[in-house]
Amino acid sequence: MAEDRPPSRRRFPPWRRKQGEGRRRHWPIRSAGINFALGYGVLFLISATLFLSFIWWSSTNLLNRHVRAFIETDAQELQKRWTYGGAPALGDAITDRLEQNIDDDALYLLTDRHGRRLAGNLPGWPVAIKRMDHFYELTIRRYTFTTPAEFKAYDLPHGFRLIVGHDIRGRTLLSTVITRTVIWCAVMIALLAVGGALVVRDLFRRMVGSIARTASAVASGDLNHRIALTGSETDLVAETVNTMLDRINRLMEGVRQVSNAIAHDLRTPITRARNQLEEALFSATSPEELRTAVDRAIGDLDHITGIFEALLRIAQIEAGSRRSAFTMMDLNQLLANMAELYEASAEEAGLNLHLDIVPLPPLFGDERMLQQALANLLDNAIKFSPPDSALTLRARPVPAIAPPGHSPSECSPAGLEISVQDQGPGMNDADILRAHERFFRAESARNTPGSGLGLSLVQAVTSLHHGRLTLTKANPGLKVTLFLPLTQDAEQTTRKAPLTEGPS
Amino acid sequence: MRILLVEDDPTVRSFVLKGLKEAGHNVDQADNGKDGLYLAIGEKYDIIILDRMLPGGIDGLNILETLRGQKNNTPVLLLSALSEVDDRVDGLRAGGDDYVTKPFAFSELLARVEALGRRGHNESAPETSLTVGDLSLDLLSREVRRGGQKIDLQPREFRLLEFLVRHAGQVVTRTMLLEKVWDYHFDPQTNVIDVHVSRLRQKVDKPFETAIIHTVRNAGYILRPTQD
Numbered sequence: 427m428a429e430d431r432p433p434s435r436r437r438f439p440p441w442r443r444k445q446g447e448g449r450r451r452h453w454p455i456r457s458a459g460i461n462f463a464l465g466y467g468v469l470f471l472i473s474a475t476l477f478l479s480f481i482w483w484s485s486t487n488l489l490n491r492h493v494r495a496f497i498e499t500d501a502q503e504l505q506k507r508w509t510y511g512g513a514p515a516l517g518d519a520i521t522d523r524l525e526q527n528i529d530d531d532a533l534y535l536l537t538d539r540h541g542r543r544l545a546g547n548l549p550g551w552p553v554a555i556k557r558m559d560h561f562y563e564l565t566i567r568r569y570t571f572t573t574p575a576e577f578k579a580y581d582l583p584h585g586f587r588l589i590v591g592h593d594i595r596g597r598t599l600l601s602t603v604i605t606r607t608v609i610w611c612a613v614m615i616a617l618l619a620v621g622g623a624l625v626v627r628d629l630f631r632r633m634v635g636s637i638a639r640t641a642s643a644v645a646s647g648d649l650n651h652r653i654a655l656t657g658s659e660t661d662l663v664a665e666t667v668n669t670m671l672d673r674i675n676r677l678m679e680g681v682r683q684v685s686n687a688i689a690h691d692l693r694t695p696i697t698r699a700r701n702q703l704e705e706a707l708f709s710a711t712s713p714e715e716l717r718t719a720v721d722r723a724i725g726d727l728d729h730i731t732g733i734f735e736a737l738l739r740i741a742q743i744e745a746g747s748r749r750s751a752f753t754m755m756d757l758n759q760l761l762a763n764m765a766e767l768y769e770a771s772a773e774e775a776g777l778n779l780h781l782d783i784v785p786l787p788p789l790f791g792d793e794r795m796l797q798q799a800l801a802n803l804l805d806n807a808i809k810f811s812p813p814d815s816a817l818t819l820r821a822r823p824v825p826a827i828a829p830p831g832h833s834p835s836e837c838s839p840a841g842l843e844i845s846v847q848d849q850g851p852g853m854n855d856a857d858i859l860r861a862h863e864r865f866f867r868a869e870s871a872r873n874t875p876g877s878g879l880g881l882s883l884v885q886a887v888t889s890l891h892h893g894r895l896t897l898t899k900a901n902p903g904l905k906v907t908l909f910l911p912l913t914q915d916a917e918q919t920t921r922k923a924p925l926t927e928g929p930s
Numbered sequence: 094m095r096i097l098l099v100e101d102d103p104t105v106r107s108f109v110l111k112g113l114k115e116a117g118h119n120v121d122q123a124d125n126g127k128d129g130l131y132l133a134i135g136e137k138y139d140i141i142i143l144d145r146m147l148p149g150g151i152d153g154l155n156i157l158e159t160l161r162g163q164k165n166n167t168p169v170l171l172l173s174a175l176s177e178v179d180d181r182v183d184g185l186r187a188g189g190d191d192y193v194t195k196p197f198a199f200s201e202l203l204a205r206v207e208a209l210g211r212r213g214h215n216e217s218a219p220e221t222s223l224t225v226g227d228l229s230l231d232l233l234s235r236e237v238r239r240g241g242q243k244i245d246l247q248p249r250e251f252r253l254l255e256f257l258v259r260h261a262g263q264v265v266t267r268t269m270l271l272e273k274v275w276d277y278h279f280d281p282q283t284n285v286i287d288v289h290v291s292r293l294r295q296k297v298d299k300p301f302e303t304a305i306i307h308t309v310r311n312a313g314y315i316l317r318p319t320q321d
């Protein structure tokens, strides 16, 4: 029955009970701030108690040693008196000392061989003291109160006996003071802990609150909201979340761009196909004409499919999910194969494909993506080259900036550069800046076949490899350069590699 | 060939069915995963065409994995609207023999189906030479002769010719050539494959009276031995 359960169990709804119980079975407080402050308070209390106990222990020790030393010195002194003047001299000395003892903490007793008291302020021989030359700690009654005292008894010649003692109620006083201190400490620490708990909880709440507010703002659609940096430890989380939001924002921007582009650039071929089919439906007079129209419509549809494929591939690469296919790969082989594949088409188009390839070190990358990027560049170059012109495929390692005292050839390369240069119409500065945009086609390229996605894909592949895509005017023609960094662990290189560079 | 077609979309199904029947094949069909699996296990087919996404809880990959789990090695061609490289790799890793992405040209599908069906027959014995009509290829010395006359080919040209010869009498598409001869999986915008085939023709067909490599309009190429 529910009533039988301890209250802490009822805090959890049924579906969470197991989890809650598993995590803190006997601990009902779930606020991190309060737990933190409580833990801190308990820790402080333990350390304060330990500290005070040590003080107590060492000061009573000191007191004891002090008292015992005093007793022994005093006894020696008195025994000397005995040697000079016997019992009367000793009795006088004791009386003298008692008179001069302002603190009233000295205790003496001198007895004769019959046990009679000759001098001193103890009423009689304490029963507990049986052995000579041994310290006793006894509680004795003085005037109206009882007090602890330290004693030592000595045998004197002729059966006389002497007790020298010291009242140690000072130690009791010290003990009381320390006990009180501990209690007050505990009370103050408890108060501070509770107060601290509230403050810490508030701090925690405020820290988390700023992140939570941003997250909920983003959840409800405001992607421009960012967590304010306060310089506290949560900045680490805040910065990570902000970076994540930036990335999401960029991706969203990409999606928006793509959907706009789809709306604009896919409508055109779809409209064309539709118009052709409609026209054929109404006005075709022979099966031949109908067949031609359908054929053209299929061509348009294939073109649309191609655009879709390219868009999807770019989106997928930009989402960064393709890094799983990264391996150490030999670019030399890839370049040789691509050159072999395209050399024939270049020759067919009356172009001369020059190769200027310096052997490259292995690269950590996605072979298929780099094939595709290179194919796009070569396709473009062949498409825009005038007949009888030259085309150059270059590749070389790029040395790192050499530290002083070393020649650049001594250090390992920082990356590699692959470029394709043609002698075609080239691009003007404004076009170069926009060349990587999806569906962008320079005015002069309007009449050549293509979707305007080729360079976007190259751009995406380059970014995936943390590289850089650069377009430069070659006068005449255009030189497209891929710079790919050679970092083994590409994760460590900066993720914010500049996406595009203008003419440099 | 006896072919099983598992595809849920009725338009695509009847389109493929009609095409395959016209090409002279015997086709069984299923429109969901359960029936497809039942037929695939119970009957003997030369090739199975599987759509990846099927209604009814059992999708194409499930069927494929079940078949391969039972040591059934019938060639399987996967048909899918998922075109990402990873999806393709998943499909081939699950035991698929080829992968065609929707939308597809029927000629592409047919060419691949026939190539797969052929492979199922003659994969057993490793050959050292191939002969089609008056053309012969020595796979060890990489020597090509036609009508007793030696033809000098570049290594890539040899591989291209070898692929055509292995599929003699069948249409091979440009994409198939790019994938199988060059191992490339992208869509070139220019006519790279045409250029390479035309270079091969210069050496294999031009010096002789009859051509054996023919262009099939809207589809690809076919190597057909001379009829004599």
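Protein chains in written order, with the working numbering: chain A, 427 to 930; chain B, 94 to 321. Positions of the beta carbon are idealized from the N, C-alpha and C atoms, including for glycine.
Cα separation between K137 of chain B and L209 of chain B?
Against the second sequence, residue 137 of chain B aligns to sequence position 44. Against the second sequence, residue 209 of chain B aligns to sequence position 116. Their Cα atoms are separated by approximately 15 angstroms.
Can you name the residues of chain A whose CB is closer than 7 angstroms to the CB of P281 of chain B?
Start at 1 with the first residue of the second sequence, and residue 281 of chain B comes out as number 188. The contacting residues are A801, D805.
Please list, in chain order, the chain A residues whose beta carbon lies closer than 7 angstroms to that of Y277 of chain B.
Numbered from 1 along the second sequence, position 184 holds the residue referred to as residue 277 of chain B. Below the 7 angstroms Cβ cutoff, chain A contributes Q797 as neighbours of Y277 of chain B, in chain order.
Does any C-beta atom of chain A lie closer than 7 angstroms to the C-beta of V285 of chain B?
Start at 1 with the first residue of the second sequence, and residue 285 of chain B comes out as number 192. Interface criterion met: the Cβ of V285 of chain B is under 7 angstroms from a Cβ in chain A.
Can you say whether T656 of chain A is buried or exposed, counting buried as having 16 or more other CB atoms within 10 angstroms of its CB?
The count along the first sequence starts at 1 and reaches residue 656 of chain A at position 230. Looking at its Cβ environment, which holds fewer than 16 other Cβ atoms inside 10 Å, T656 of chain A is exposed.
Residue ranges of each beta strand (DSSP E) run of no fewer than 3 residues wholly in the region 773–832 of chain A, ordered along the chain?
Qualifying beta strand (DSSP E) stretches, in chain order: 778–783, 789–791, 816–825.
Three-state secondary structure (DSSP) at Y131 of chain B?
Stepping through the second sequence from its first residue, residue 131 of chain B is reached at position 38. In this structure, DSSP gives Y131 of chain B a helical state, which the three-state scheme calls helix.
Counting only Cβ-Cβ distances shorter than 7 angstroms, please list the residues of the region 694–709 of chain A near chain B, keeping chain order.
Residues of the region 694–709 of chain A with a C-beta atom less than 7 angstroms from some C-beta of chain B do not occur.
Whose Cβ in chain A lies nearer than 8 angstroms to the Cβ of V288 of chain B?
Here residue 288 of chain B is taken as the residue at index 195 of the second sequence, counted from 1. Under the 8 angstroms cutoff, chain A gives A770, S771, E773, E774.
Could you check what DSSP says for E576 of chain A in three-state terms: helix, strand or coil?
As a working mapping, residue 576 of chain A is identified with position 150 in the first sequence. Reduced to three states, the DSSP call for E576 of chain A is strand.
How many angstroms separate the CA atom of I674 of chain A from the CA atom of S479 of chain A?
Position 248 of the first sequence holds residue 674 of chain A. Position 53 of the first sequence holds residue 479 of chain A. Approximately 59 angstroms, taken between the alpha carbons.
Kindly indicate if chain A contains any beta-carbon less than 7 angstroms away from that of P248 of chain B.
Mapped onto the second sequence, residue 248 of chain B falls at position 155. No - not a single Cβ of chain A is within 7 angstroms of the one on P248 of chain B.
Going by beta carbon distance, what residues of the same chain come within less than 7 angstroms of R106 of chain B, once the five residues before and after it are set aside?
In the second sequence, residue 106 of chain B corresponds to position 13, counting from 1. When the five nearest sequence neighbours on each side are left out, the beta carbons in the same chain lying within less than 7 angstroms of the beta carbon of R106 of chain B are those of L98, E100, Q122, D124, in order along the chain.
State yes or no: is the beta carbon of R292 of chain B nearer than 7 angstroms to at least one beta carbon in chain A?
Locating residue 292 of chain B in the second sequence gives position 199, where the first residue counts as 1. Chain A contact via Cβ: present.
Entirely enclosed beta strand (DSSP E) segments - the region 513–542 of chain A, minimum 3 residues:
Qualifying beta strand (DSSP E) stretches, in chain order: 532–537.
Consult DSSP for S658 of chain A and reduce its assignment to one of helix, strand or coil.
By one-based count along the first sequence, residue 658 of chain A stands at place 232. Three-state result, S658 of chain A: coil.
Within the 7 angstroms Cβ cut-off, does L767 of chain A reach chain B?
In the first sequence, residue 767 of chain A corresponds to position 341, counting from 1. Output row for L767 of chain A: interface = yes.
Using the DSSP secondary-structure output, state which residues sit across from K899 of chain A in a beta bridge.
The count along the first sequence starts at 1 and reaches residue 899 of chain A at position 473. Residue pairing by DSSP puts K899 of chain A in a beta bridge opposite A:L904.
Look at the alpha carbon of F630 of chain A and the alpha carbon of V620 of chain A, and state the distance between them as a whole number of angstroms.
As a first step, residue 630 of chain A is located in the first sequence; it is residue number 204 there, counting from the start. As a first step, residue 620 of chain A is located in the first sequence; it is residue number 194 there, counting from the start. The C-alpha of V620 of chain A is placed about 15 angstroms away from the C-alpha of F630 of chain A.
To the nearest angstrom, report how far apart N487 of chain A and Q505 of chain A are at their CA atoms.
For the purposes of this step, residue 487 of chain A is taken as the residue at position 61 of the first sequence. For the purposes of this step, residue 505 of chain A is taken as the residue at position 79 of the first sequence. Between the C-alpha atoms of N487 of chain A and Q505 of chain A there is a straight-line separation of about 27 angstroms.
Secondary structure at E447 of chain A, three-state DSSP: helix, strand or coil?
The residue given as residue 447 of chain A occupies position 21 in the first sequence. Confidence at E447 of chain A is low in this model, with a pLDDT of 46, below 50, so the placement of that residue is unreliable and no value is reported for it.
Mind pulling the chain A residues with CB within less than 7 angstroms of P168 of chain B?
Here residue 168 of chain B corresponds to residue number 75 of the second sequence, with the count starting at 1. Scanning chain A for C-beta atoms nearer than 7 angstroms to the C-beta of P168 of chain B yields nothing, as the closest lies near 24 angstroms away.
Find the residues of chain B that neighbour K899 of chain A, judging by a C-beta separation of less than 9 angstroms, and give them in chain order.
Taking the first sequence and counting its residues from 1, one reaches residue 899 of chain A at position 473. Within chain B, no C-beta atom comes nearer than 9 angstroms to that of K899 of chain A; the closest sits roughly 23 angstroms away.
Apart from the five residues just before and just after D152 of chain B, which ones in its own chain have a Cβ nearer than 7 angstroms to its Cβ?
Taking the second sequence and counting its residues from 1, the one referred to as residue 152 of chain B is at position 59. Excluding sequence positions up to five before and after D152 of chain B, its CB lies within less than 7 angstroms of the CB of G126, R145, M146, all in the same chain and listed in chain order.
Between the Cα of I594 of chain A and those of A:F496, A:V644, A:E774, A:Q526, spot the shortest distance and give me the residue it belongs to.
Along the first sequence, one-based indexing puts residue 594 of chain A at 168. Ranking A:F496, A:V644, A:E774, A:Q526 by Cα distance to I594 of chain A puts A:F496 first.
Taking its Cβ as the centre, do 16 or more other Cβ atoms sit within 10 Å of E250 of chain B, making it buried, or is it exposed?
Here the question's residue 250 of chain B lines up with position 157 in the second sequence. E250 of chain B comes out buried.
Along chain B, in chain order, which residues have C-beta atoms closer than 8 angstroms to that of G791 of chain A?
Residue 791 of chain A sits at position 365 when you count from the first residue of the first sequence. Simply none; closest approach about 14 angstroms.
Taking all protein chains shown into account, do 16 or more other C-beta atoms lie within 10 angstroms of the C-beta of H307 of chain B, making it buried, or fewer, making it exposed?
Locating residue 307 of chain B in the second sequence gives position 214, counting from the first residue. Taking all protein chains in view, the Cβ of H307 of chain B is surrounded by fewer than 16 other Cβ atoms within 10 Å, so the residue is classified as exposed.
In whole angstroms, give me the CA-to-CA distance for L564 of chain A and S601 of chain A.
As a working note, residue 564 of chain A is residue 138 in the first sequence. As a working note, residue 601 of chain A is residue 175 in the first sequence. Near 17 angstroms, if we compare the C-alpha coordinates of S601 of chain A and L564 of chain A.
Any chain B beta carbon closer than 7 angstroms to R894 of chain A
Working through the first sequence from its first residue, we reach residue 894 of chain A at position 468. R894 of chain A does not count as touching chain B.
Under 7 angstroms (Cβ pairs) to chain A, residues found in the region 191–202 of chain B:
Those would be P196, in chain order.
Y510 of chain A in three-state terms, based on DSSP
One-based indexing of the first sequence puts residue 510 of chain A at position 84. Under the three-state reduction of DSSP output, Y510 of chain A falls in the helix class.
K243 of chain B (DSSP reduced to helix, strand or coil)
Counting from one through the second sequence, the residue named residue 243 of chain B turns up at place 150. The answer is strand: DSSP assigns K243 of chain B an E or B state.
Residues of chain B with a CB under 8 angstroms from the CB of T731 of chain A: which are they?
Locating residue 731 of chain A in the first sequence gives position 305, counting from the first residue. Ordered by position in chain B, the residues that pass the 8 angstroms Cβ test against T731 of chain A are P196.
Of all the options A:P823, A:L879, A:L803, A:G878, which has the alpha carbon lying nearest to the alpha carbon of V846 of chain A?
Within the first sequence, residue 846 of chain A is the residue found at index 420, counting from 1. V846 of chain A has its Cα closest to that of A:L803, out of A:P823, A:L879, A:L803, A:G878.
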